[in-house]
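Shown next, in structure tokens, is the structure this report addresses.
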Amino acid sequence: MDKPKVVILGAGYGGLIASRELEKILSEGEADVTLINKHDYHYISTQLHKIGAGTASDHKVALHIPDLLKTNLVKFKKAVVSNVDFNDKNIVLDNGETLEYDYLLIALGFDVDTFGIPGVEENSFKIRSFRSSKAIQNHITKEFTAYKEDQDPSHLTFVVAGAGFTGIEMVGELVDKLPKLCKQYDIPVKETRIINVEASDSILPFFDRKAIDFTTAYLKNSGVELMTSTKIVECKKESIALDNGLQIPARTLIWSGGVRANKLLEKWNLQLVKGRIPVDEYLRVKGLDGVFCVGDASLFAKEDQTALPATAQVAIQQAQTCGPNIAATIRGEALKPFTYSHKGTVASIGLKVAVGNVFGVKMTGLFAALMKQVVEARYLFVLGGPVFMVKEILNLNPKKGSTQTVSSR
Ligand SMILES: Cc1cc2nc3c(=O)[nH]c(=O)nc-3n(C[C@H](O)[C@H](O)[C@H](O)COP(=O)(O)OP(=O)(O)OC[C@H]3O[C@@H](n4cnc5c(N)ncnc54)[C@H](O)[C@@H]3O)c2cc1C
Numbered sequence: 001m002d003k004p005k006v007v008i009l010g011a012g013y014g015g016l017i018a019s020r021e022l023e024k025i026l027s028e029g030e031a032d033v034t035l036i037n038k039h040d041y042h043y044i045s046t047q048l049h050k051i052g053a054g055t056a057s058d059h060k061v062a063l064h065i066p067d068l069l070k071t072n073l074v075k076f077k078k079a080v081v082s083n084v085d086f087n088d089k090n091i092v093l094d095n096g097e098t099l100e101y102d103y104l105l106i107a108l109g110f111d112v113d114t115f116g117i118p119g120v121e122e123n124s125f126k127i128r129s130f131r132s133s134k135a136i137q138n139h140i141t142k143e144f145t146a147y148k149e150d151q152d153p154s155h156l157t158f159v160v161a162g163a164g165f166t167g168i169e170m171v172g173e174l175v176d177k178l179p180k181l182c183k184q185y186d187i188p189v190k191e192t193r194i195i196n197v198e199a200s201d202s203i204l205p206f207f208d209r210k211a212i213d214f215t216t217a218y219l220k221n222s223g224v225e226l227m228t229s230t231k232i233v234e235c236k237k238e239s240i241a242l243d244n245g246l247q248i249p250a251r252t253l254i255w256s257g258g259v260r261a262n263k264l265l266e267k268w269n270l271q272l273v274k275g276r277i278p279v280d281e282y283l284r285v286k287g288l289d290g291v292f293c294v295g296d297a298s299l300f301a302k303e304d305q306t307a308l309p310a311t312a313q314v315a316i317q318q319a320q321t322c323g324p325n326i327a328a329t330i331r332g333e334a335l336k337p338f339t340y341s342h343k344g345t346v347a348s349i350g351l352k353v354a355v356g357n358v359f360g361v362k363m364t365g366l367f368a369a370l371m372k373q374v375v376e377a378r379y380l381f382v383l384g385g386p387v388f389m390v391k392e393i394l395n396l397n398p399k400k401g402s403t404q405t406v407s408s409r
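Each residue of the sequence shown is one higher than the one before, counting from 1 in full-length UniProt numbering.
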């Protein structure tokens, strides 16, 4: 009898952790498991802002996927998925190749939402993937070089749109990085501007008042211009227009205005809710046989019918339930319902400052920054165990893969 074919789409938090769970449960020969991802590296999305600012080295954020798989059970395939035929149980890759599946896990993650604001899609930089974040880093360096030539202040004006989690983390990294670049290029720090534009009246929604006030004061003291209750209405290559009539001469807009599920899902004839795939309590896609979905692509309704947020924490916990549920389905065993346990949230503002709430304990400053390091180390532990985590922190794991850079927006 043919072995059941399991295909996992996406090797982000959801797809990779689910693969690791299947490796732990299934024995070799019990199923053919294929993990498909568009690159041969797994990027730690929660650290992409550091790649954007150039405050973390590439190999800390992009990990070679085959090295993260521990057994021969899961075969890794570097490919771009373009379509799924849920009737014929076929996956179509962008090179025209097709793959059959019996069980499918969709873990294709997020896309950036630019809300149709004129010029933002074409002219802004996005913290969406390793490559798009690397493009920000390369662009910032180019702007410093350009400023040396013509002293046009627009080269050194860096606008970050959105003061949510990602936007504030990006601003925090720029606060750390720009003075270093100024030193390197022999440019006074006062020639640089960091502007954060936020449509709502406060930064960091979902954080408590103390964390918001702490962050606001820290960023203002660092020279960041915070513009809340302000909307970007247009982005051109060399200027950004705001709804209050102001035109900011700037050649860098880093867009962190919002995320949505992978746009690809819209082409697949699925019943989407707010762009995401509704799943049942076992993380199965409603109405489709043998199909599961986790992470930002999925929509899991809590008891009060509100959706779980699109976070790494949710994706990891879902994958830890979904992997075993796929194995249980193959074996005809009972599935376990998914329950989410919120451990807390920490937003970094550069390397040495953070704000957060972990297991109900509110924290700000250096202690919170240390806690952020613990959270990041914990993920490495979940991914590869204690030895992998220690080696990764100490930079002892072999570094492979192809994280070529790009320089366009
Ligand atoms: C800067 C930043 C900071 C963040 N900080 C936090 C935080 O502190 N805490 C937190 O909980 N969450 C945080 N998040 C959110 C978190 O990163 C996401 O919720 C998480 O990445 C979702 O995991 P996922 O597995 O669903 O998708 P992803 O991690 O996005 O993985 C999707 C994978 O699918 C691949 N893929 C996509 N399309 C295709 C295709 N067509 N073919 C093949 N492969 C494809 C991608 O390359 C990627 O590897 C942050 C996000 C950002 C951007």
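Yeah, the Cβ is synthetic: ideal placement off N, Cα and C, and Gly gets one too.
* CB-CB length for residue 114 against residue 257, believed under 8 angstroms -> One-based indexing of the sequence shown puts residue 114 at position 114. One-based indexing of the sequence shown puts residue 257 at position 257. About 7 angstroms separates the CB atoms of residue 114 and residue 257; that is less than 8 angstroms, so the two are in contact.
* Where the alpha helix (DSSP H) through residue 123 begins and ends -> On the sequence shown, position 123 is the one that residue 123 refers to. Start and end: 120-123.
* Counting along the chain, where does the beta strand (DSSP E) carrying residue 247 start and finish? -> In the sequence shown, residue 247 corresponds to position 247, counting from 1. It spans 247-249 - the beta strand (DSSP E) in which residue 247 sits, taken as one unbroken run.
* **Cβ neighbours of residue 83 in the same chain (closer than 8 angstroms, five flanking residues each side left out)** => Locating residue 83 in the sequence shown gives position 83, where the first residue counts as 1. Only residues of its own chain outside the window of five on either side were considered, and among them 91, 92, 267 and 268 have a CB closer than 8 angstroms to the CB of residue 83, listed in chain order.
* Can you name the residues that DSSP bridges to residue 351? -> Against the sequence shown, residue 351 aligns to sequence position 351. Its beta-bridge partners do not exist; DSSP assigns none.
* To do: Tell me where the alpha helix (DSSP H) around residue 224 begins and ends.
  => If you number the sequence shown from 1, residue 224 lands on position 224. Neither: residue 224 is in no alpha helix (DSSP H) and is coded neither H nor E.
* Under the rule that 16 or more other beta-carbon atoms within 10 Å means buried, what is residue 230, buried or exposed? -> Start at 1 with the first residue of the sequence shown, and residue 230 comes out as number 230. Looking at its Cβ environment, which holds 16 or more other Cβ atoms inside 10 Å, residue 230 is buried.
* Asked: Does the separation of the CB atoms of residue 103 and residue 287 fall below 7 angstroms?
  -> The count along the sequence shown starts at 1 and reaches residue 103 at position 103. The count along the sequence shown starts at 1 and reaches residue 287 at position 287. Contact flag unset, no.
* Asked: Shorter than 7 angstroms from the beta carbon of residue 221 to some beta carbon of chain B?
  -> Of the protein chains in this structure there is only one, and it is not chain B.
* Asked: Residue ranges of each beta strand (DSSP E) run of no fewer than 3 residues wholly in the stretch 77-123, ordered along the chain?
  -> 81-85, 90-93, 98-100, 103-106 and 110-112
* Asked: Is it a yes or a no for the stretch 54-72 touching the stretch 15-25, going by three-plus beta-carbon pairs under 8 angstroms?
  -> yes
* To do: Could you pull out every residue in the same chain whose Cβ sits closer than 6 angstroms to the Cβ of residue 409, ignoring the five residues on either side in sequence?
  => Here residue 409 refers to the residue found at position 409 of the sequence shown. Confidence is the limiting factor: at residue 409 the pLDDT is only 43, short of 50, which leaves the residue's position unreliable and the question unanswerable from this model.
* To do: Measure how close the beta-carbons of residue 143 and residue 260 come, nearest whole angstrom, since I'm counting them as under 8 angstroms.
  => Numbered from its first residue, the sequence shown carries residue 143 at position 143. Numbered from its first residue, the sequence shown carries residue 260 at position 260. Distance from residue 143 to residue 260 at the Cβ level is roughly 29 angstroms; contact not present, criterion being Cβ atoms closer than 8 angstroms.
* In whole angstroms, what is the alpha-carbon distance linking residue 212 and residue 157? -> Position 212 of the sequence shown holds residue 212. Position 157 of the sequence shown holds residue 157. Straight-line Cα distance between these residues: approximately 24 angstroms.
* Hey, how far is the Cα of residue 140 from the Cα of residue 24? -> As a working mapping, residue 140 is identified with position 140 in the sequence shown. As a working mapping, residue 24 is identified with position 24 in the sequence shown. If you take the alpha carbons of residue 140 and residue 24, they lie about 43 angstroms apart.
* CA-CA distance, residue 407 and residue 270? -> For the purposes of this step, residue 407 is taken as the residue at position 407 of the sequence shown. For the purposes of this step, residue 270 is taken as the residue at position 270 of the sequence shown. Residue placement at residue 407 is poorly supported in this model, since its pLDDT is 40, which falls under 50; the coordinates still yield a value, given next. Looking at the two C-alpha atoms, the distance is approximately 35 angstroms.
* Proximity test, residue 49 beta-carbon vs ligand 1 heavy atom, cut-off 6 angstroms -> The residue given as residue 49 occupies position 49 in the sequence shown. Flag set: Cβ of residue 49 near ligand 1.
* **CB-CB length for residue 364 against residue 210, believed under 8 angstroms** => Within the sequence shown, the letter at position 364 stands for residue 364. Within the sequence shown, the letter at position 210 stands for residue 210. Right, the Cβ-Cβ distance comes to about 7 angstroms (below 8 angstroms), so this counts as a contact.
* Are residue 411 and residue 292 close, meaning C-beta to C-beta below 7 angstroms? -> Nothing in the structure corresponds to residue 411, since the chain is present only between 1 and 409.
* **Proximity winner among 282, 362, 370 and 371, relative to residue 333 (alpha-carbon distances)** => Position 333 of the sequence shown, counted from the first residue, corresponds to residue 333. Minimum Cα distance to residue 333 is reached at 282.
* Compute every distance between the C-beta of residue 71 and the non-hydrogen atoms of ligand 1, then say whether any falls below 6 angstroms. => Here residue 71 is taken as the residue at index 71 of the sequence shown, counted from 1. Not so, every heavy atom of ligand 1 lies at least 6 angstroms from the Cβ.
* To do: Tell me whether residue 33 counts as near ligand 1, meaning its Cβ is closer than 6 angstroms to at least one heavy atom of that ligand.
  => Translated into positions along the sequence shown, residue 33 becomes position 33. Checking the Cβ of residue 33 against ligand 1 gives no.
* To do: For the stretch 226-245 and the stretch 195-206, state whether three or more C-beta atom pairs, one from each stretch, are separated by less than 8 angstroms.
  => yes
* State the DSSP-derived secondary structure class of residue 75, mapped to helix, strand or coil. => Here the question's residue 75 lines up with position 75 in the sequence shown. Strand at residue 75.
* Using a threshold of 7 angstroms, state whether the C-beta atoms of residue 421 and residue 352 are closer than that. => No statement about residue 421 is possible, as the shown extent of the chain runs from 1 to 409 and does not include it.
* List the DSSP bridge partners of residue 41. => Mapped onto the sequence shown, residue 41 falls at position 41. Note: residue 41 sits in a beta bridge opposite 64.
* Is residue 166 near ligand 1, judged by its Cβ being under 6 angstroms from some heavy atom? -> Residue mapping note: residue 166 aligns to position 166 of the sequence shown, counting from 1. Of the heavy atoms belonging to ligand 1, at least one sits nearer than 6 angstroms to the Cβ of residue 166.
* Regarding residue 206 and ligand 1, is the C-beta to nearest heavy atom distance less than 6 angstroms? -> By one-based count along the sequence shown, residue 206 stands at place 206. No, the Cβ of residue 206 stays beyond 6 angstroms of every heavy atom of ligand 1.
* To do: Using beta-carbon positions only, say whether residue 160 and residue 175 come within less than 7 angstroms of one another.
  => Mapped onto the sequence shown, residue 160 falls at position 160. Mapped onto the sequence shown, residue 175 falls at position 175. No, these two residues do not count as a Cβ contact at 7 angstroms.
* Asked: Using DSSP with H/G/I as helix, E/B as strand and the rest coil, what is residue 241?
  -> Working through the sequence shown from its first residue, we reach residue 241 at position 241. Reduced to three states, the DSSP call for residue 241 is strand.
* Asked: Between residue 77 and residue 31, is the Cβ-Cβ spacing less than 7 angstroms?
  -> As a working mapping, residue 77 is identified with position 77 in the sequence shown. As a working mapping, residue 31 is identified with position 31 in the sequence shown. Their beta carbons are not under 7 angstroms apart, which means residue 77 does not touch residue 31 by this criterion.
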